[in-house]
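*Asks:* Residue numbering for the sequence shown is 3 to 392, as defined by this note's numbering.
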Amino acid sequence: MPVINRIAEFAQDMKTWRRDLHQIPELDLDLPKTAAYIAARLQDIGVDEIHQGVAGHGIVAIIKGQAPTDGDTLALRADMDALPIHEDTAVDYASTHAGNMHACGHDGHMAMLLGAAKYLVETRKFAGRVALVFQPGEEASGGAGIMVNEGIMDRFGIREIYGIHNFPGLPVGTMATTPGLMMAAVDTFHIHVKGRGGHGAMPHETQDPVIAACAIAQALQTIVSRNNNTADDLVISVTQIHTGTTDNVIPETAYINGTIRGFDKGVLAMVRRRMEEIATGTATAYGVQAELEYVTGYPPTINDTSKAIFATAVAQEVVGPDHVNGSFRRIMGAEDFGYFLEARPGAFLMLGQGESAGLHHPQYNFNDDIAPIGASFFAKLVEMSLPTET
């Protein structure tokens, strides 16, 4: 792959960093070991500033180019947190934190950004400043939104921001993005059904929440098929139903949980309204009560058109025009990078991981061969976006 030669020379360093990080996965915003490791490597690399404790254990590091200015800062982001998954890879650098695992490749994302940082510090072939944003809480608390609310965009003079995520199934050495809608918004619903329990042999003396919960779960699917315009992307998935403890007792309560994915605020508002109507109406029909708890989550990831086109051109410089898809299909997965893109223009890209276990799978393992590609993209992006005078 046509990666930058100097970055290729320290590919082994990136592999070491990644595998070290893979062994110490931590969750959400509480990442003391991960943050300490990143800060130590940044200090070794020689970045100009290291700002710790952002959004919990997040880090923003600054690299100054030629004639740096506070208001001409380009940000590059890597997510830091892992997942509460028991690892099943059998690699010799497997997680040492039982029950936690880097099953989404954030260890690789951090290694790529460290690799780009090492190159940019050595060469400084850019004008302005680069902000390296090591972000916690992507998988749970929306660390990107917390960082934005803490004011990092104004504090560090960030004018635009870019991020990369590995993508299993996309061939190694390929990159993909698209102008506009890239990834969906994600909301979550919880429905609590309350009836009156009793003996399973005497259902006429109960108000059965189990039957009502089954009816509610089935009726929710009609929102997509009967209430939504087929031109608007929408997914509603019931992912949990919990009720009962034994075979001969009708329980008192039932619980329904699931996820909603879409792009349009009006569509999501319609979903919320119809969920409330279905839950309460169905409950009334079955003689029970139902309460909907609707949680608004991450916004959609919407790439700035001009920045996505520019990022596509940069990717073509790194991996070649035949290996870049600049009109990538939008996907229903969600990413809190959308918070960054609400605050500043930028773009989010996918980097081919090759054939592997899927993201969030206990057998997933980041492909170290793609780290130099991602680092080269970040470095080339900086040099092309913040060129020095010739």
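Here a beta-carbon is modelled for each residue, glycine too, at the ideal position from N, C-alpha and C.
1. With a 10 Å radius around its C-beta and 16 neighbouring C-beta atoms as the bar for buried, classify residue 138 as buried or exposed.
2. In terms of residues, what are the limits of the beta strand (DSSP E) holding residue 292?
3. Thinking just about the alpha-carbon of each residue, which of 228, 286, 187, 297 is nearest to the one in residue 264?
4. Which residues bound the beta strand (DSSP E) around residue 62?
5. Chain C beta carbons: is any one of them nearer than 7 Å to that of residue 35?
6. Could you check whether the Cβ of residue 310 sits closer than 6 Å to any heavy atom belonging to the ligand FMN?
7. Just how far apart, CA to CA, sit residue 1 and residue 262?
8. Pull the bridge partners of residue 235 from the DSSP assignment, please.
9. In three-state terms, what does DSSP make of residue 245?
10. Given a cut-off of 7 Å on the beta-carbon distance, is the pair residue 134 and residue 78 in contact?
11. Give me whichever residues DSSP pairs with residue 257 in a beta bridge.
12. Determine which residues share a DSSP beta bridge with residue 327 and list them.
13. Around the C-beta of residue 30, are 16 or more other C-beta atoms found within 10 angstroms, so that it is buried, or is it exposed?
14. Relative to the C-alpha of residue 6, which candidate in 47, 24, 97, 120 has its C-alpha closest?
15. Where residue 341 and residue 147 are concerned, what is the direct C-alpha to C-alpha distance, given to the nearest angstrom?
16. Tell me which residues share the same chain as residue 35 and place their Cβ nearer than 8 Å to its Cβ, disregarding the 5 neighbours each side in the sequence.
17. Identify, in the order they occur along the chain, each residue of the same chain with its Cβ nearer than 7 Å to the Cβ of residue 344, setting aside the five sequence neighbours on each side.
18. What residue range does the alpha helix (DSSP H) around residue 7 cover?
19. Please say whether residue 225 and residue 276 have beta carbons closer to each other than 7 Å?
*Replies:* Considering the structure as presented:
1. One-based indexing of the sequence shown puts residue 138 at position 136. Residue burial is scored here from C-beta neighbours: residue 138 has at least 16 other C-beta atoms within 10 angstroms and is therefore classed as buried.
2. For this step, residue 292 is matched to residue 290 along the sequence shown. 291–298 is the extent of the beta strand (DSSP E) around residue 292.
3. Position 262 of the sequence shown, counting from 1, holds the residue named residue 264. Restricting attention to 228, 286, 187, 297, the CA atom closest to the CA of residue 264 is found in 187.
4. The sequence position of residue 62 within the sequence shown is 60, counting from 1. For residue 62, the enclosing beta strand (DSSP E) covers residues 60–66.
5. Checking the listed chains, one finds no chain C in this structure; it contains a single protein chain.
6. Ligands are entirely absent from the displayed structure, and the ligand FMN is therefore not among its contents.
7. The question about residue 1 has no answer here: the residues shown for the chain are numbered 3 through 392.
8. Here residue 235 refers to the residue found at position 233 when the sequence shown is read from its first residue. None, per the DSSP bridge assignment.
9. Within the sequence shown, residue 245 is the residue found at index 243, counting from 1. Three-state result, residue 245: strand.
10. Here residue 134 corresponds to residue number 132 of the sequence shown, with the count starting at 1. Here residue 78 corresponds to residue number 76 of the sequence shown, with the count starting at 1. The criterion of a C-beta distance shorter than 7 Å is satisfied by residue 134 and residue 78.
11. Locating residue 257 in the sequence shown gives position 255, counting from the first residue. According to DSSP, residue 257 shares a beta bridge with 194, 244.
12. For the purposes of this step, residue 327 is taken as residue 325 along the sequence shown, with counting starting at 1. In the DSSP output, where bridge partners are listed per residue, residue 327 has 178.
13. By 1-based counting over the sequence shown, the position of residue 30 is 28. In this structure residue 30 is buried. Its beta-carbon is surrounded by 16 or more other beta-carbon atoms within 10 angstroms.
14. Looking up residue 6 in the sequence shown gives position 4. The shortest C-alpha separation from residue 6 is found at 120.
15. Position 339 of the sequence shown, counting from 1, holds the residue named residue 341. Position 145 of the sequence shown, counting from 1, holds the residue named residue 147. Between residue 341 and residue 147, the alpha-carbon positions lie close to 5 Å from each other.
16. By one-based count along the sequence shown, residue 35 stands at place 33. Hits under 8 Å: 26, 28.
17. Counted from its first residue, the sequence shown places residue 344 at position 342. Shown here for residue 344: same chain residues with a beta carbon closer than 7 Å to its own, the five before and five after excluded, namely 301 in chain order.
18. Along the sequence shown, read from residue 1 onward, the residue named residue 7 stands at position 5. Note, residue 7: alpha helix (DSSP H), 7–11.
19. Taking the sequence shown and counting its residues from 1, the one referred to as residue 276 is at position 274. Taking the sequence shown and counting its residues from 1, the one referred to as residue 225 is at position 223. The Cβ-Cβ distance between residue 276 and residue 225 falls below 7 Å.
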